[in-house]
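Residue numbers (my numbering): 1197 to 1330.
Ideal placement from N, C-alpha and C gives every residue a C-beta, glycine not left out.
The next block holds one structure in the form of structure tokens; read it before the comments.
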Amino acid sequence: MFKPTLTYLLRRAGIEPNGGSPWDPHIRDERFYRAVLLGGSVGLGDAYLNGWWECSDIAGFILRIIKSGAHLRVPRIDVLLRKFRFGLVDVQNRARSKRVAEVHYDEDPRIFEILLGSTNNYTCGRWEDVSTLD
């Protein structure tokens, strides 16, 4: 799944994996394809540092990717999975709501007096030369 997808995207950019042009990457490890599709530019860099690919003209390689927009077409699978999970699965439920409220609001009221002043209101204002919020 990873190799055909990335090969297709690279070919659209005028790049042939293991091809004869100086900008064609030579793939030394098949994990290259997975790393790039799952990690984007970071995965590409990590794969290079791991020795999974090399290229005589890295600048030409990157230039062709950017000019073609191939980097914009890479379906970041980790991002898609996260969107799928949080878009379709409601992680909030009654029991979790209660725990969140307890952690955030079951504090000693004096803490809120100190933080919020006598009005007990949140604010983002800033005043110079004052010692209290009142």
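Closest by C-alpha distance to Ser1252, out of Ile1211, Arg1306, Asp1225, Met1197, is Ile1211.
Non-local C-beta neighbours of Leu1202 in its own chain, meaning closer than 6 Å and more than five positions away in sequence, comprise Tyr1229, Val1232, Leu1233, ordered along the chain.
Ranked by Cα distance from Ile1223, the options Lys1263, Asp1325, Thr1328, Ala1243 are led by Ala1243.
By the neighbour-count criterion, in which 16 or more other beta carbons inside 10 Å mark a residue as buried, Ala1209 falls on the buried side. Within the same chain, Cβ atoms closer than 7 Å to the Cβ of Arg1260 are found at Ala1209, Gly1210, Ile1211, Trp1219, the five residues on either side in sequence being excluded.
The alpha helix (DSSP H) runs lying completely inside the segment 1218 to 1264 and spanning 4 residues or more are 1227 to 1245, 1254 to 1264, given in chain order.
Taking the Cα positions, Phe1198 is about 9 Å away from Arg1227. Per DSSP, the unbroken alpha helix (DSSP H) holding Tyr1204 starts and ends at 1198 to 1208. The three-state secondary structure of Ser1327, taken from DSSP, is coil. Scanning Gly1236, Asp1225, Ala1255, Gly1265 for the CA closest to the CA of Ser1217 turns up Ala1255.
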